[in-house]
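Below: the structure, in structure tokens.
There are 2 protein chains.
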Amino acid sequence: MTTPLRLGIAGLGTVGTGVVKIVQRRAGLLTARTGRPVEISAVSARTRDKDRGVRLQHYAWEDDPVALAQRDDVDVLVELMGGSDGPAKAATEAAIAAGKDVVTANKAMLALHGQDLAEAAEAAGAALRFEAAVAGGIPVVKALTEGLAGNEVERVMGVMNGTCNYILTRMEHGGLAYEDVFEEANALGYLEADPTLDVGGIDAAHKLALLAAIAFGTRVDFHAVELEGIERIEIADIEQARDMGFRIKLLGVAQMTGRGLEQRMAPCLVPADSALGQLEGGTNMVVLEGDAAGQIVLRGAGAGEGPTASAVMSDVLDIARGIRVSTFGQPASSLAAPTPAKTAAPAQFYLRMELQDKPGALARVAAALGEAGVSIDRMRQYRHTRATAPVLIVTHKCPREALDKALTGMAATGVVEGQPVAIRIEEV
Amino acid sequence: MTTPLRLGIAGLGTVGTGVVKIVQRRAGLLTARTGRPVEISAVSARTRDKDRGVRLQHYAWEDDPVALAQRDDVDVLVELMGGSDGPAKAATEAAIAAGKDVVTANKAMLALHGQDLAEAAEAAGAALRFEAAVAGGIPVVKALTEGLAGNEVERVMGVMNGTCNYILTRMEHGGLAYEDVFEEANALGYLEADPTLDVGGIDAAHKLALLAAIAFGTRVDFHAVELEGIERIEIADIEQARDMGFRIKLLGVAQMTGRGLEQRMAPCLVPADSALGQLEGGTNMVVLEGDAAGQIVLRGAGAGEGPTASAVMSDVLDIARGIRVSTFGQPASSLAAPTPAKTAAPAQFYLRMELQDKPGALARVAAALGEAGVSIDRMRQYRHTRATAPVLIVTHKCPREALDKALTGMAATGVVEGQPVAIRIEEV
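Chains as they are written, first to last, in UniProt numbering: chain L, 1 to 428; chain F, 1 to 428.
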């Protein structure tokens, strides 16, 4: 094929601008690799008069992204506006209805409407691809969908929100409180307009739900993700975890178990010497575990102009090369409705609590654990500095329900001040 | 398409058996993902009567892999015999001549004949794919060819021979000499029949040459790889390197420079806290650096039945899905003949030598370095235990030629006992 592949780019923020730059600067390379020129026909964004550092005057302008998607000279809609509904969804639907392929970086839209959009795309013979929606520049959608296609996938894990990992590692290295680093990150522009998307784990949970769909051949089920953000992580936990050979990460885990599909996005302790435990700053890491391939670890930049634009281009160039793969790796109509696991797989837990300085206090806590069937792997009581003393406990593997029963029992002892912190220890 | 994709498997060793198992056990999954059944029509191996732990009686048997490749009921030749020439090459050529696709794990064959075979395949409209030839279960060929297709690749690095990394890490953790670990690895069956393929770096260099071709759009040029094995690494160097915050890895590096294409496979020092420096045992790691994506790190099992079979299946399932990508990412005829860089990029170097116990000895060594234009970053002289004292030097960045001049100058001082050890420090 030597017919050009013509793009319509909706959204000219960081990523959209990055895509324009690659198309302009690497034209020869892209043609050499795909066998056909890749061109931009038209663009759309909220503001037209803004210096984005790239030449746009040769491209048609559309105020309305739906009109962009419907243009005769657009073969592929590159949707980079974001937002789960509104213009992004409208433009995507319009493109699909017109039989055009869509490449998007929009994790929220796909996490909520992926099934419908994928079905519509397949019915229309259009491709709908989203490499850039998950873990930025890391080609993880491709690795999972195609690279591990011969595997029954056993587990998918990942640190997929760079901002959260930045905050956690910055707290650790600076000995800083969550609130202080949050403000710092905000001042640096690292946070979304609605920061709970980041620190609440929602953004990362969107990504996890998309990977789970591919991994297990199930419909995207974002609402079933057990979700907990990093807002309640204290520097004390980070330091105590480190002393015991762990680090705290906002970790997503998806696995198919006898109890159903388990999807969790929550702070976890991971061994400090594991690949996940060694991850610093804004970097992302995804771990794919297949029955044949074993454990594959992928690390790279999870955000930013270049990395995300690279992922967008990966999908665009697949289309230019004539590569057609179902959105979630198999026909959308064949994806099973997953049964969410009601309970998470048993795990070890880290507990931190403040114990009152009373005779027999520790014995009562230990008794509460024992009565709930939770046994202790390691325990440390520190010297009293106030009226209470910090106590750390690492449990043996137990179901979360047993732990919750123990926590209730502990509260009833009257010797534990406030609410104990309980964090899952993930085997990675 | 619901027509089955029919495989002919040539070679029923570990990997071939692994492929048979996946096709047999995961039939439903493979059909769901590709939209068509994947079947085995015929197999071929050196010995027919051997229990391989899999049922083969429903497949036709061919003694001659060329006959297997030519069978009417074979759509894809899966070449898992190995060997750069002989039956592997003959069968591959026969399949291509018959217009059939070929999936191979044969790095030696492609490193030496990749250009000819890729050109023949393209002329015949056949696919020739080799995911399993590089880094076992890690989908690195796909990540580089497709995932990073929008990038100008800047550098590709990798620890791609698990046996060498096993030997080096085992030496380190056991405080053992190279010879002892070599014997141990041999007894465990970790080494190739010709162990220089592993420890001499040849196997890893084959893989590097294949990745370089994709990365830089150049013809495979295995003979231009600057090659050095791990046979001369001493436990003293591993320990001294560690004390200075480095680890020794058999590292492959390919980069396009103003001086031409640089391809090196040699022991290097890398920072102990880098991803490459943290790699343990038989695991492989590949680092891809693109101008847009930045640094992508991929880690996984580099060998073994499951991982390698997983990679083979990745190519097979791509073909089943109708995915056609040029062998080296762009038409073979468009690959440029690379100009090999005559000299490697400047680097820091680690030097270890035995210095005679004479007044002014250290000054003379320092003078030899200075005269060659090599300046010292760090230096340590240890206490004399024999007639000589170990001296370690880390140089500032300098060209290899300057270092060689300094080494000649040192030899002329008459105060250095034997030959100094010089190992490149790679910036990773």
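Don't be surprised by glycine CBs; every beta carbon is placed ideally from N, CA and C. Everything numeric in this text was worked out from a predicted model, so none of it was measured.
Going by Cα to Cα distance, which pick from F/G260, F/A126, F/G150 is closest to L/R25?
F/G150
Taking only the alpha-carbon atoms, compute the straight-line gap between F/P359 and L/M379 and give it to the nearest angstrom.
58 angstroms
Using a Cβ cut-off of 8 angstroms, pull out every chain L residue sitting near F/V325, in sequence order please.
R321, I323
L/Q57 burial status per 10 Å Cβ neighbour count (16 or more: buried):
exposed
Taking C-beta to C-beta, are F/G217 and F/Q348 nearer than 7 angstroms?
no
C-alpha distance - F/G252 paired with L/G306, whole-angstrom precision
25 angstroms
Straight-line Cα distance separating F/A127 from F/L5
14 angstroms
One question on the structure: do L/M109 and L/A88 come within less than 7 angstroms of each other, judged by their Cβ atoms?
yes
Can you look up L/V134 in the DSSP assignment and give me helix, strand or coil?
coil
Hey, does F/K107 have any beta-carbon neighbour from chain L nearer than 7 angstroms?
no
Residues of chain L with CB closer than 8 angstroms to the CB of F/I40, please, in chain order.
Those do not exist, as F/I40 stays about 14 angstroms from chain L at its closest Cβ, beyond 8 angstroms.
Just the C-alpha distance for F/G300 and F/K207, rounded to the nearest angstrom, thanks.
15 angstroms
Closest by CA to F/V43, which one among F/I138, F/V54, F/R33, F/V159?
F/V54
Give a yes or no on whether 7 angstroms exceeds the smallest Cβ distance from F/M37 to chain L.
Per the sequence shown, residue 37 of chain F should be read as Pro rather than Met. No, F/P37 does not count as interfacial toward chain L.
Which ranges does the beta strand (DSSP E) cover as unbroken runs of at least 3 residues, wholly within the stretch 136-169 of chain F, from first to last along the chain?
153-159
For F/R219, count neighbouring Cβ atoms within 10 angstroms of its own Cβ and tell me buried if that reaches 16, exposed if not.
buried
Determine whether the Cβ of L/R71 lies closer than 7 angstroms to any Cβ atom of chain F.
no
Using 7 angstroms as the limit for Cβ to Cβ distance, is L/I138 near chain F?
yes
Does F/R188 pass the burial test, meaning 16 or more other C-beta atoms within 10 Å, or should it be called exposed?
A small fix is needed here, since residue 188 of chain F is Leu in this sequence, not Arg. Looking at its Cβ environment, which holds fewer than 16 other Cβ atoms inside 10 Å, F/L188 is exposed.
Could you pull the start and end residues of the alpha helix (DSSP H) that F/L269 belongs to?
Note, F/L269: premise wrong, no alpha helix (DSSP H); beta strand (DSSP E) at 260-271.
Quick one: list the residues of chain L neighbouring F/E289, beta-carbon separation under 7 angstroms, in chain order.
Per Cβ cutoff of 7 angstroms: no residues; F/E289 is ~10 angstroms from chain L at best.
What did DSSP end up calling F/F328 once you bin it into helix, strand or coil?
coil
Is it buried or exposed for F/R33, if we count other Cβ within 10 angstroms and need 16 for buried?
buried
Report the rounded CA-to-CA distance for F/G260 versus F/V153, giving the unit in angstroms.
14 angstroms
Taking the straight line between their C-alpha atoms, what separation do you get for F/M157 and F/L288?
7 angstroms
Euclidean distance between Cα positions of L/V312 and L/E79:
9 angstroms
So, under 8 angstroms CB-CB, F/A254 and F/E262 are touching, yes? Tell me the CB distance rounded to an integer number of Å.
7 angstroms
Can you have a look at residue 435 of chain F and say buried or exposed, based on whether 16 or more other CB atoms are within 10 angstroms of its CB?
Missing from the structure shown is residue 435 of chain F; chain F here goes from 1 to 428 and no further.
Mind listing, in chain order, the continuous beta strand (DSSP E) runs of no fewer than 3 residues lying wholly within the stretch 330-393 of chain L?
348-356, 376-381
Once you ignore the five residues that flank L/A406 on each side, which residues in its own chain have a CB closer than 7 angstroms to its CB?
A368, L369, A372, V374
On the premise that L/R247 lies in contact with L/A241, defined as a C-beta separation below 8 angstroms, what is that separation, rounded to the nearest angstrom?
6 angstroms
Could you check the C-alpha separation between F/L176 and F/D237 for me, to the nearest Å?
12 angstroms
Measure from the C-beta of L/A292 to each C-beta in chain F and report whether the shortest distance is under 7 angstroms.
yes
Check the Cβ-Cβ distances between L/K142 and every residue of chain F, and say whether any is below 7 angstroms.
yes
Leaving out five residues on either side along the sequence, give the residues of the same chain with a beta carbon under 7 angstroms from the beta carbon of L/G340.
The residue you asked about is not Gly; residue 340 of chain L is Pro in the sequence shown. Same-chain partners within the cutoff: D221, A224, G260, L261.
Output the boundary residues of the alpha helix (DSSP H) element that contains F/I423.
Element bounds for F/I423: not the alpha helix (DSSP H) but the beta strand (DSSP E), 416-425.
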